[in-house]
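A.B. asks: Would you mind keeping the following structure in view while I ask a few things?
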Amino acid sequence: MIYSMTGYGKSVLQLPTKKVTIELKSLNSKSIDLNVRMPSIYREKELDIRKQLAKDLERGKVDFSIYVETTADDTSTQINTPVVQKYMQQLNEVVPGDGIELLKMAMRLPDALNTVREEINEAEWQHIEAGIKETIDAITQYRLDEGKILEADFKARIETLSNLLEEVIKIDPERVEAVRERLHKGVAELKEKYDENRFEQELVYYIEKYDITEEKVRLTNHLNYFIESINSKDSNGKKLGFIGQEMGREINTIGSKSNYAPMQQLVVQMKDELEKIKEQLLNVL
């Protein structure tokens with residue numbers, strides 16, 4: 001089972017005096033990278049929120065936001081009536097004028113508005129905490145659904161790699177025989193006498209040097225281990241990335257040793273499939 005690092009979750013809470021919208025978005029990242037936006041009234045809860053997000057989401061570039069729409073009867077800003085009236089009186093003494101114009105000028109002056117520092121309502125915060133948990137559950141489900149799509153793609157590409165490896169194994173005897181014939185032909189063209197036994201010894205050494213038996217076995221094991229890791233309980237994109245690197249090492253070695261055009265063509269196809277796997281692994285949690 002694997003999870004994608006890409007995800008989205010949203011919850012909307014309708015409280016008695018306000019509407020609260022909670023959003024979570026995540027993209028791929030090597031580690032957890034949190035960006036938290038919320039009204040200042042909830043800032044004292046930010047550290048707890050960050051710990052919860054880091055624990056539940058583990059990795060990814062995560063944007064967390066809380067938006068609050070407050071109803072008119074719960075506004076924290078009020079007109080400082082005595083101060084405004086005093087301003088209007090003083091302005092009228094300086095320049096007598098229309099009351100509306102005096103009010104406009106008075107409202108621009110210092111202390112015309114009082115902003116009351118809100119305190120967190122714990123009962124209200126319990127609802128918001130539940131909304132945060134609901135949002136985390138939503139983004140986790142989104143990541144799981146995306147992970148299932150990635151898993152199907154990985155398994156299809158691993159199967160393609162296995163089939164290509166089977167083709168490599170199938171034509172390997174042809175490759176060895178082609179190398180043998182090419183060397184015999186090259187020596188024959190020299191039109192020089194040579195020790196047949198010594199030539200056969202050198203030929204065996206040369207063929208052994210380009211033997212790919214170990215690479216075929218190791219690559220088979222890596223392919224099986226990749227599928228085994230995908231089917232495991234935990235999602236571990238880094239582990240899958242390491243296995244992908246090992247697969248690439250074996251494929252590159254087969255390519256460098258092949259010295260045979262049909263096999264090299266198969267290796268190119270294997271590299272192409274593996275590159276697509278590596279690109280998708282960047283999104284795995």
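Going by the UniProt record's numbering, the sequence shown opens with residue 1, and the numbers climb by one from there.
Even for Gly, the Cβ is constructed at its ideal location relative to N, Cα and C.
With E124 and L53 assumed to form a contact (beta carbons below 8 Å), what rounded beta-carbon distance in angstroms separates them?
C.D. replies: Walking along the sequence shown from the start, residue 124 turns up at place 124. Walking along the sequence shown from the start, residue 53 turns up at place 53. The pair is not a contact, with the Cβ atoms about 21 Å apart (cut-off 8 Å).
A.B. asks: For L165 and K216, which I take to be in contact (beta-carbon distance under 8 Å), what is that distance rounded to the nearest angstrom?
C.D. replies: Position 165 of the sequence shown holds residue 165. Position 216 of the sequence shown holds residue 216. That belief holds up - the Cβ atoms of L165 and K216 are roughly 7 Å apart, short of 8 Å.
A.B. asks: Can you tell me which residues form a DSSP beta bridge with I139?
C.D. replies: Against the sequence shown, residue 139 aligns to sequence position 139. Looking at the DSSP assignment, I139 forms no beta bridge with any residue, so it has no partner.
A.B. asks: Return the chain-ordered ranges of every alpha helix (DSSP H) run that is complete within the UniProt domain "Endoribonuclease YicC-like N-terminal" (2-151) and spans a minimum of 4 residues.
C.D. replies: 46-57, 81-94, 99-107
A.B. asks: If you follow the alpha helix (DSSP H) that N221 is part of, which residue opens it and which one closes it?
C.D. replies: Start at 1 with the first residue of the sequence shown, and residue 221 comes out as number 221. It spans 213-230 - the alpha helix (DSSP H) in which N221 sits, taken as one unbroken run.
A.B. asks: By how many angstroms is the C-alpha of I227 removed from the C-alpha of K155?
C.D. replies: By one-based count along the sequence shown, residue 155 stands at place 155. By one-based count along the sequence shown, residue 227 stands at place 227. Within the model, the alpha-carbon separation for K155 versus I227 is close to 7 Å.
A.B. asks: Here's the rule: buried if 16 or more other CB atoms are within 10 angstroms of the residue's CB, otherwise exposed. What is R43?
C.D. replies: Residue 43 sits at position 43 when you count from the first residue of the sequence shown. Exposed.
A.B. asks: To the nearest angstrom, report how far apart T253 and R50 are at their CA atoms.
C.D. replies: The residue given as residue 253 occupies position 253 in the sequence shown. The residue given as residue 50 occupies position 50 in the sequence shown. Looking at the two C-alpha atoms, the distance is approximately 45 Å.
A.B. asks: Can you tell me where the alpha helix (DSSP H) with D272 in it begins and where it stops?
C.D. replies: By 1-based counting over the sequence shown, the position of residue 272 is 272. Taken as a continuous stretch (DSSP letters only), the alpha helix (DSSP H) holding D272 covers 261-281.
A.B. asks: Between R218, S258, V176, P262, which lies nearest to I243 when the distance is taken from Cα to Cα?
C.D. replies: Along the sequence shown, read from residue 1 onward, the residue named residue 243 stands at position 243. Measuring from the Cα of I243, the nearest candidate turns out to be R218.
A.B. asks: For the pair the segment 58-69 and the segment 27-46, tell me if three or more CB-CB distances fall below 8 Å.
C.D. replies: The segment 58-69 vs the segment 27-46: in contact.
A.B. asks: Please name the residue, chosen from E181, E129, K61, that lies closest to L13 on a Cα-to-Cα basis.
C.D. replies: For this step, residue 13 is matched to residue 13 along the sequence shown. Here the closest residue by C-alpha is E129.
A.B. asks: I'd like to know whether the C-beta atoms of V179 and Y225 end up nearer to each other than 9 Å.
C.D. replies: In the sequence shown, the residue the question calls residue 179 occupies position 179. In the sequence shown, the residue the question calls residue 225 occupies position 225. Against a cut-off of 9 Å, the Cβ pair of Y225 and V179 comes out as no contact.
A.B. asks: In terms of DSSP beta bridges, what is V284 paired with?
C.D. replies: To locate residue 284, count along the sequence shown from 1; it is residue 284. According to DSSP, V284 bridges with S4.
A.B. asks: Does DSSP classify Y206 as helix, strand or coil?
C.D. replies: Locating residue 206 in the sequence shown gives position 206, counting from the first residue. Three-state result, Y206: helix.
A.B. asks: Shorter than 8 Å, the distance from the beta carbon of Q90 to the closest heavy atom of the ligand NAP, or not?
C.D. replies: Of the ligands one can find in the structure shown there are none, so the ligand NAP has no counterpart to examine.
A.B. asks: Mark V20 as exposed unless 16 or more other C-beta atoms lie within 10 angstroms of its C-beta, in which case mark it buried.
C.D. replies: Position 20 of the sequence shown, counted from the first residue, corresponds to residue 20. Burial call: buried.
A.B. asks: In whole angstroms, give me the CA-to-CA distance for V84 and V95.
C.D. replies: In the sequence shown, counting from the first residue as 1, residue 84 sits at position 84. In the sequence shown, counting from the first residue as 1, residue 95 sits at position 95. Going from the Cα of V84 to the Cα of V95 covers about 16 Å.
A.B. asks: Which residue marks the beginning of the alpha helix (DSSP H) containing K238, and which one marks its end?
C.D. replies: Indexing the sequence shown from 1 puts residue 238 at position 238. It spans 237-258 - the alpha helix (DSSP H) in which K238 sits, taken as one unbroken run.
A.B. asks: If you reduce the DSSP assignment to three classes, tell me which class D153 lands in.
C.D. replies: Here the question's residue 153 lines up with position 153 in the sequence shown. Looking at D153 - three-state DSSP - the assignment turns out to be helix.
A.B. asks: Ignore the nearest five residues each way along the sequence and tell me which others in I277's own chain have a CB closer than 7 Å to its CB.
C.D. replies: In the sequence shown, residue 277 corresponds to position 277, counting from 1. F154, R157, G244, listed in sequence order.
A.B. asks: Three Cβ pairs or more, each shorter than 8 Å: is that satisfied between the segment 256-264 and the segment 166-178?
C.D. replies: yes
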